[in-house]
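J.: Structure in C-alpha cells, see below.
2 protein chains.
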Amino acid sequence: MRATIRDVAARAGVSVATASRALSSERGVRPENRERVLAAAAALDYQPNILAAALRGRTTYTVGMVVPSIGNPYFATLVEAVEHQLRDDDRSLLLANSRYEPQTERRQIQALLDRRVDSLILVPCDRTASRDATADAAARVPTVQVDLRVDDHAGSSVTVDNEFGLRLAVDHVVGRGAYRPVFVGAEPVDSSAQERLDGYRQATGRYGLGEPDVLLGDFSTDWGRAAACRIVDRDPRPDAVICGNDMIALGVLDGLAAAGMRVPEDIQVTGFDDTPYAALSRPSLTTVRQPQDEIAAQAVRLLDAAAARSDSPPPQRIAITPVLVARGSTLP
Amino acid sequence: MRATIRDVAARAGVSVATASRALSSERGVRPENRERVLAAAAALDYQPNILAAALRGRTTYTVGMVVPSIGNPYFATLVEAVEHQLRDDDRSLLLANSRYEPQTERRQIQALLDRRVDSLILVPCDRTASRDATADAAARVPTVQVDLRVDDHAGSSVTVDNEFGLRLAVDHVVGRGAYRPVFVGAEPVDSSAQERLDGYRQATGRYGLGEPDVLLGDFSTDWGRAAACRIVDRDPRPDAVICGNDMIALGVLDGLAAAGMRVPEDIQVTGFDDTPYAALSRPSLTTVRQPQDEIAAQAVRLLDAAAARSDSPPPQRIAITPVLVARGSTLP
DNA sequence: ATGAAAGCGCTAACAG
DNA sequence: CTGTTAGCGCTTTCAT
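As they're listed, the protein sequences go chains F and Y. Residue numbers for the first sequence follow UniProt numbering, so the first one is 1 and each next one is one higher. Residue numbers for the second sequence follow UniProt numbering, so the first one is 1 and each next one is one higher.
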C-alpha cells in the first residue's frame with residue numbers, strides 16, 4: 001500500500017497538518033520540522049494523492065483540451081505545444097477528440113468538466129453549433145478558444161490573424177507576377193475558413209484584381225486535388241493558387257503535377273499553417289506559418305490569469321501575427 | 001454550486017446510500033425509488049464528482065498514455081485510435097509526451113500514476129533506459145507497451161510484426177527486379193529500429209543477396225536526405241532503398257530527386273508505417289502499413305482483461321501482421 | 001431494500 | 001509555529 005500523509009507525519013513525529021504544510025511548501029513550519037517531514041516523505045517514497053487534494057482543495061493540476069482531430073498534424077503539433085507548456089508547471093493534459101462533431105464535442109467537454117479540470121482549451125469545430133457548449137464550459141471554468149472560435153461569444157481566444165496571413169500570401173504571389181489568382185478554401189463552417197476567405201477577398205480587392213475567384217470545399221487533400229482539376233481546365237488559366245491550408249495545397253500540388261503543370265513556373269501555389277508536411281512536398285510549399293508555441297503559451301497564460309482572479313477577468317482576444325515562409329512552390 | 005448526491009437524495013426522499021445505489025445502477029433498489037432518484041438527478045442536473053468516487057472507490061475511468069512525440073504523425077494517429085477506443089466506454093485519456101527522453105518519460109509516468117490512472121499505455125522510447133520505469137509502472141497498474149517495447153521485460157505488449165513487415169518490403173522490390181537493395185534505418189535505440197534492421201538482414205539473407213547493406217541514422221527526414229546523397233555516390237549504385245520508416249523514406253525521395261534520379265525507374269523506395277504523409281509524396285510512397293486501430297483495440301482489450309482479474313494475468317505479447325501498400329515509389 | 005455511519009487522503013479553519 | 005477537528009462527495013459495510 002502506498003504511504004499516506006499520516007505515515008509521513010507519524011514517521012516525522014509531527015501532526016498531519018504540519019506534514020501537509022511542509023509538503024505544500026507554504027511557510028509556517030519550523031525549518032527543523034520541515035526537514036524531518038521531507039526526509040520522512042523521501043524515505044517512505046511518499047506520493048501525494050492528487051485526487052484527495054483536489055477533492056478537498058479546488059485544483060486538479062489538470063487542464064482539458066478538445067480538438068477536432070488529434071490525428072491531424074496541425075492539431076497534433078498544437079497539442080504538443082500545449083502539453084509542453086503545461087509540463088513546465090507539472091500539470092497534465094486531459095485530451096479529447098471531437099471528430100468535428102458538435103455533439104461529440106459537447107459530450108467531451110462534459111466529460112472533462114466531470115473530471116474537474118482546472119481549465120479548458122477548446123478548438124470549437126463549428127462556428128455556430130459549438131457555441132452553447134463553449135459558453136456553458138466558460139461559465140464553469142476558465143476557458144480559452146484556440147485556433148478556432150465560435151461566433152458571437154465573448155470568451156477569450158487566441159488565434160492567428162488569418163486575414164493578415166492571407167494578405168501575406170496574396171502579396172507574395174502578386175509580387176512575383178501573378179495577376180490571376182484563385183483561392184481554394186473550405187466552406188466557412190469554422191472561423192478560420194471564414195476569416196481566410198474574407199482575407200483573400202480583401203487582399204485581392206486591394207490590388208483591384210477583379211471579382212475574387214474562389215473555390216470552396218473542405219480542408220482536405222482530396223478537395224485540393226479535385227480543385228486542381230477544375231483549375232487547369234479554366235480559360236484563362238489562373239497563375240496562382242492560394243490555398244486555405246496546407247492539406248489543400250498538397251492536394252493541389254498533386255493534382256497540378258498529374259495534369260502536367262509546372263509549379264512554380266506555370267502556376268504558383270501557397271498553403272497555410274506550415275504543418276510538418278509543407279517542407280517535405282515536391283516542390284516544397286510556400287506557406288503561412290502559425291507560431292504554435294506562441295499560441296500555446298498565450299493560451300496557457302490567459303488561463304492562468306483567469307484562474308488567479310476570483311472575479312472573471314474581461315475576456316481577451318489575442319490575434320497572433322503569422323509570417324510567410326517562402327519555399328519552392330512560389331517563384332524566387 | 002453543483003448539486004451533490006445529498007441534494008439528489010433529499011429531493012428523492014431517500015438516503016444518500018440509496019441514491020448512490022440507484023445511480024450506480026447496481027441492483028438492490030426498489031424500482032419505484034430508483035425512478036425517483038433518477039428523476040431528481042435529472043431535475044437537478046446532477047453530475048457525479050468522479051474525483052470523489054475515485055477517492056472512495058478505486059477507478060478513475062482514466063487511462064494514461066505516454067508517447068515519445070505527440071506531434072509525430074505516427075504517434076498522433078495512434079493516440080487518436082486509442083482515444084477513440086476509450087471514448088466508446090466513457091473513459092478519458094491523460095496524455096503525456098516523453099520527448100524521447102527516458103528521464104522525462106519516467107517523470108511523466110509518475111505524474112500519471114499520481115493522478116491515479118486506471119491503467120497505462122506506454123510507448124517506451126528506449127529499449128534499455130525505459131526499462132525500469134516501465135517495470136515500476138507495471139507493478140502498480142495494468143500496463144501495456146504499444147508499438148515499442150523494452151528489452152527483457154515480461155510485460156504485455158502490442159506491436160506490429162516488424163520482421164515480417166520488412167520481409168514484405170524486400171520481397172516487393174526484389175519481385176520487381178531489385179537485386180542490390182540498401183537499408184536506411186535508425187540506430188537500434190528503440191525496439192522497432194532493432195527489429196526492422198534484423199528483419200532486413202533476414203529478408204535479404206533469404207535471397208542470398210550477399211552482405212546486407214545498411215545505413216543507420218535516426219528516424220528523420222534529414223537523415224533520409226543525407227543517406228540519399230551517400231547512396232547516389234555508390235558504385236555500383238543500389239537499385240532499391242528500403243527505409244526504416246516513412247520519414248526517412250520521404251527524405252530519401254527528396255534527396256534522390258535533388259540528385260536527378262528517377263523513382264521508381266532508376267531506384268525503388270519503400271517506407272514503413274503508412275503515415276498520412278505516405279500517400280501525399282511525389283511519387284507516392286510504397287510502404288508497410290501498421291493497422292493502428294487494431295493495435296489500439298488490442299491494447300485496450302489487454303488492459304481491460306488485466307483489470308478484470310485481481311491476480312495479474314500472464315503477460316501477453318501480441319504481434320500484429322502488417323500489410324504492404326503498393327504505391328508509386330516502386331515499380332508496378 | 002434501506003439507512004446510518006465510517007472513512008478514502010488531504011487541506012483548511014480554528015485554537016492553542 | 002503546531003495540533004485538533006472538520007469535512008470535500010462519494011461508496012460501502014453493517015445493521016435494520
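Note that the Cβ used here is the ideal one computed from N, Cα and C, for glycine as well. The structure displayed is predicted, hence computed values, not measured ones.
Just list the alpha helix (DSSP H) runs in the region 80-123 of chain F, keeping only unbroken ones of 4 residues or longer that don't cross its boundaries, in chain order.
T.: 102-114, all fully within the region 80-123 of chain F.
J.: Contact check, F/P264 vs F/T330 under 8 Å by CB: the rounded distance?
T.: That pair is a contact at about 5 Å.
J.: Would you say Y/E105 lies against chain F (beta-carbon separation less than 8 Å)?
T.: No - not a single Cβ of chain F is within 8 Å of the one on Y/E105.
J.: Of all Cβ atoms in chain F, is any one closer than 8 Å to the Cβ of Y/I109?
T.: No, no contact with chain F.
J.: Does the contact criterion of 3 or more C-beta pairs under 8 Å hold for the region 21-29 of chain Y versus the region 62-77 of chain Y?
T.: Verdict: no, contact absent.
J.: Please state if the CB of F/S119 and the CB of F/V150 are separated by a distance shorter than 8 Å.
T.: Cβ distance not < 8 Å, so F/V150 and F/S119 don't count as in contact.
J.: Give me whichever residues DSSP pairs with F/I242 in a beta bridge.
T.: For F/I242, which the question treats as bridged, DSSP gives the partners F/F183, F/T270.
J.: Which first and last residues belong to the beta strand (DSSP E) in which Y/T62 is found?
T.: Its beta strand (DSSP E) spans residues 62-67.
J.: Cα-Cα, which of F/V146, F/V66, F/T59 is closest to F/R301?
T.: If we check each option's Cα against that of F/R301, F/V146 comes out closest.
J.: In chain order, what residues of the same chain have a beta carbon less than 7 Å from the beta carbon of Y/Q194, not counting five sequence neighbours either side?
T.: For Y/Q194, where only same-chain residues beyond five positions count, the Cβ hits under 7 Å are R127, P188.
J.: Alpha carbon to alpha carbon, how far is Y/T286 from Y/R201? Give it in angstroms, no decimals.
T.: Distance between the alpha carbons of Y/R201 and Y/T286 is about 20 Å.
J.: For the region 187-250 of chain Y, which segments carrying the beta strand (DSSP E) assignment without a break, of at least 3 residues, lie completely within its bounds, in sequence order?
T.: Entirely contained in the region 187-250 of chain Y, the beta strand (DSSP E) runs reaching 3 residues are, in chain order, 214-217, 240-243.
J.: Is F/I320 helix, strand or coil by DSSP?
T.: In this structure, F/I320 counts as strand in the three-state DSSP scheme.
J.: Taking the alpha carbon of F/A259 as the point to measure from, which residue in F/D273, F/A40, F/V232 has its own alpha carbon closest?
T.: The residue with the shortest Cα to Cα distance from F/A259 is F/V232.
J.: Please report the straight-line C-alpha distance between Y/A308 and Y/T59, rounded to a whole angstrom.
T.: Taking the straight line joining both Cα atoms gives about 12 Å.
J.: Look at the alpha carbon of F/G217 and the alpha carbon of Y/A19, and state the distance between them as a whole number of angstroms.
T.: Each residue's Cα considered, the two are about 51 Å apart.
J.: Tell me, please, which residues DSSP counts as bridged to F/S156.
T.: The partner list for F/S156 (beta bridge, DSSP) reads F/V144.
J.: For Y/D136, would you say it is in contact with chain F, using Cβ-to-Cβ distances shorter than 8 Å as the test?
T.: Judged by the 8 Å Cβ criterion, Y/D136 is not in contact with chain F.
J.: Pull up the CB-CB distance for F/L94 and Y/L86, whole angstroms please, since I reckon it's below 8 Å.
T.: So it is not a contact: roughly 12 Å between Cβ atoms.
J.: Using 10 angstroms around the beta-carbon of F/C229, count the other beta-carbons present and answer buried if the total reaches 16, otherwise exposed.
T.: F/C229 should be labelled exposed.
J.: Which residues in chain F sit within 9 Å of Y/Y277, going by Cβ to Cβ distance?
T.: Those within 9 Å of Y/Y277 in chain F are P73, P276, Y277, L280.
J.: DSSP on Y/R131, reduced to helix/strand/coil?
T.: Three-state result, Y/R131: helix.
J.: Hey, could you find the ends of the beta strand (DSSP E) F/T18 is sitting in?
T.: Run containing F/T18: none in the beta strand (DSSP E); it sits in the alpha helix (DSSP H), 16-23.
J.: F/A250 touches chain Y at which residues, Cβ-Cβ below 9 Å?
T.: This sequence places Leu at residue 250 of chain F; Ala is not what is there. Those are L280, listed as they occur along chain Y.
J.: If you draw a straight line from the alpha carbon of F/R99 to that of F/Q108, how long is it in whole angstroms?
T.: F/R99 and F/Q108: Cα-Cα distance of roughly 10 Å.
J.: Taking DSSP's pairing of strands, which residues face F/T286 in a bridge?
T.: DSSP lists F/T270 as partners of F/T286.
J.: Could you give the first and the last residue of the continuous alpha helix (DSSP H) run that contains F/L280?
T.: Premise fails: F/L280 is in no alpha helix (DSSP H) and is neither H nor E.
J.: Could you compute how far the alpha carbon of F/V323 sits from the alpha carbon of Y/L44?
T.: Using only the alpha carbons, I get a separation of about 50 Å.
J.: Going by the DSSP bridge assignment, what does F/V325 pair with across the sheet?
T.: According to DSSP, which records beta bridges pairwise, F/V325 is partnered with F/T287.
J.: Compute the beta-carbon to beta-carbon distance between F/T143 and F/L168, rounded to the nearest angstrom, for a pair I have assumed lies under 8 Å.
T.: F/T143 to F/L168, Cβ: 30 Å. No contact.
J.: Using the Cα positions of Y/P276 and Y/D132, report the straight-line distance between them to the nearest angstrom.
T.: Answer to the nearest angstrom: the Cα atoms are 33 Å apart.
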